[in-house]
Amino acid sequence: MKSTVSKIRGNVAIYAMRPSSVRSLTTTARLRAATPPPASENGAVNSRWLSDLQKRLKQSLSLKIAPKRVDEVKERLAYLDKNWLELLAGREGYLVDPERRGLDRHMVQWGDMDMMGHVNNVIYNRLAESGRVNWTRNLAQFSDPKYQQEWFDLMSPKSIGLILASIRTDFKFPMTFPDRVTVLHKLVTKPDYSSDRFYLEAVMYSEQQRRPAAKCFEDIVVYDYRAAKKAPLKPFMVDELQATYDLQEQRKKEAEKKVAELQAFVEQVEDSAGAA
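The following block contains the structure:
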């Protein structure tokens with residue numbers, strides 16, 4: 099049994115970084131092959147679009163614009179300040195409702211830092227792990243109550259469970275103490291009734307910087323501990339995961355629409371100032 103589980107887990111190497119200027123995670127060729135490229139890598143969205151938009155709005159306040167426009171600009175700035183996570187994460191298809199978050203404003207510990215004064219690389223994988231466990235358990239509240247225990251049992255070796263086959267971590271910037279981090283997960287592909295594995299993408303948002311500190315790409319295998327072999331997801335699990343995927347796509351469209359409206363607004367303000 100143990101040997102079978104170990105084989106499925108694969109050889110995932112996680113390296114704790116020693117003092118160095120390099121902040122990347124070494125992964126094996128097998129790991130890269132097992133994890134499909136994330137959808138977000140295929141887009142051309144400027145990762146700093148939020149800060150750029152806020153900057154343009156603030157600069158517009160120094161232009162010759164009507165008093166009514168000034169109030170509208172301030173309203174948009176307040177909206178961005180309050181809803182930055184919903185827009186940033188939602189635009190990438192993450193569900194940010196409190197009951198969907200794997201970790202919500204988790205406090206970075208001083209002991210999480212290494213000799214270089216930033217959060218050690220291995221901590222990000224631990225954050226992703228905790229977020230993934232909570233994300234999975236959170237699905238129970240959206241499913242039929244009679245299946246709640248089976249959702250919870252996915253994270254234990256009792257019957258049908260989930261095993262992390264591989265993980266790839268991309269580091270965006272070195273997070274430091276003090277800070278708070280919110281961890282979100284999303285389905286990369288839509289499972290079906292024959293699926294015996296699925297892929298997740300995790301993101302860790304720094305509250306101080308208001309941008310991702312790291313992303314993880316996870317290959318999750320469904321395993322039957324009693325039969326000691328892989329197994330397909332149960333139908334009720336597929337139903338809930340498919341509904342979750344569809345909701346991700348819906349929220350992504352909603353966020354894109356809102357961002358487009360904000361960008362159109364700031365362009366109108368800039369144009370009106372130029373025409374004055």
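My numbering puts the sequence shown at residues 99 to 374. Where is the CB? At the ideal position from N, CA and C, for every residue including glycine. Keep in mind that this is a model prediction, so the values were computed, not measured.
In angstroms, rounded to a whole number, what distance separates the CA positions of residue i and residue j?
i, j, result
"Y222", "K256", "28 Å"
"S292", "M335", "12 Å"
"D294", "L183", "32 Å"
"P333", "N232", "21 Å"
"V220", "R230", "16 Å"
"V357", "L225", "29 Å"
"K172", "V279", "27 Å"
"L252", "S160", "56 Å"
"F271", "Q152", "21 Å"
"R154", "D268", "29 Å"
"L331", "Q361", "42 Å"
"V206", "R199", "16 Å"
"D290", "S228", "25 Å"
"R266", "V301", "12 Å"
"Y297", "N218", "25 Å"
"Y343", "A187", "15 Å"
"V168", "F363", "12 Å"
Contact check, residue i vs residue j under 8 Å by CB: the rounded distance?
i, j, result
"R308", "L148", "7 Å"
"E305", "D277", "6 Å"
"L237", "W249", "6 Å"
"Q346", "L285", "7 Å"
Taking all protein chains shown into account, do 16 or more other C-beta atoms lie within 10 angstroms of the C-beta of residue i, making it buried, or fewer, making it exposed?
i, result
"E197", "exposed"
"Y303", "buried"
"G215", "exposed"
"S145", "exposed"
"W365", "Reading the sequence as shown, one finds Glu at residue 365 and not Trp. Per the 10 Å Cβ criterion, exposed."
"E316", "buried"
"A287", "Note that residue 287 is Thr in the sequence shown, not Ala. The residue in question, T287, is exposed, as its Cβ has fewer than 16 Cβ neighbours within 10 Å."
"K156", "exposed"
"K351", "exposed"
"K355", "exposed"
"P136", "Confidence in P136 is poor, its pLDDT being 41 and thus under 50, which makes the residue's placement unreliable; the coordinate value appears in the next sentence. Buried, since its Cβ has 16 or more Cβ neighbours within 10 Å."
"K327", "exposed"
If we cut at 8 Å on Cβ distances, does residue i have a partner in chain D?
i, result
"R230", "Looking for chain D here will not work: only one protein chain is present."
Three or more C-beta pairs under 8 Å: does that hold for the segment 210 to 220 against the segment 160 to 180? No, they do not touch.
Length-filtered (4 minimum) alpha helix (DSSP H) runs lying within the segment 240 to 265: List check, alpha helix (DSSP H) in window: 246 to 251.
At least 3 beta-carbon pairs within less than 8 Å: the segment 188 to 197 vs the segment 163 to 170: Taking one beta carbon from each stretch, the segment 188 to 197 and the segment 163 to 170 have fewer than 3 pairs nearer than 8 Å; the two do not touch.
Give a yes or no on contact between the segment 322 to 329 and the segment 256 to 271, applying the rule of three or more CB pairs nearer than 8 Å. A contact between stretches requires three or more CB pairs, one per stretch, nearer than 8 Å, and the segment 322 to 329 meets this requirement with the segment 256 to 271.
Counting only runs of 3+ residues fully inside the segment 287 to 317, write out the beta strand (DSSP E) ranges in chain order. Entirely contained in the segment 287 to 317, the beta strand (DSSP E) runs reaching 3 residues are, in chain order, 295 to 304.
Measuring CB atoms only, is the segment 236 to 244 touching the segment 338 to 358, in the sense that at least three cross pairs come out at less than 8 Å? Output reads yes: the segment 338 to 358 touches the segment 236 to 244.
I'd like the ranges of any beta strand (DSSP E) spanning at least 3 consecutive residues and lying wholly in the segment 171 to 228. As far as the segment 171 to 228 is concerned, its whole beta strand (DSSP E) runs of at least 3 residues are 201 to 205.
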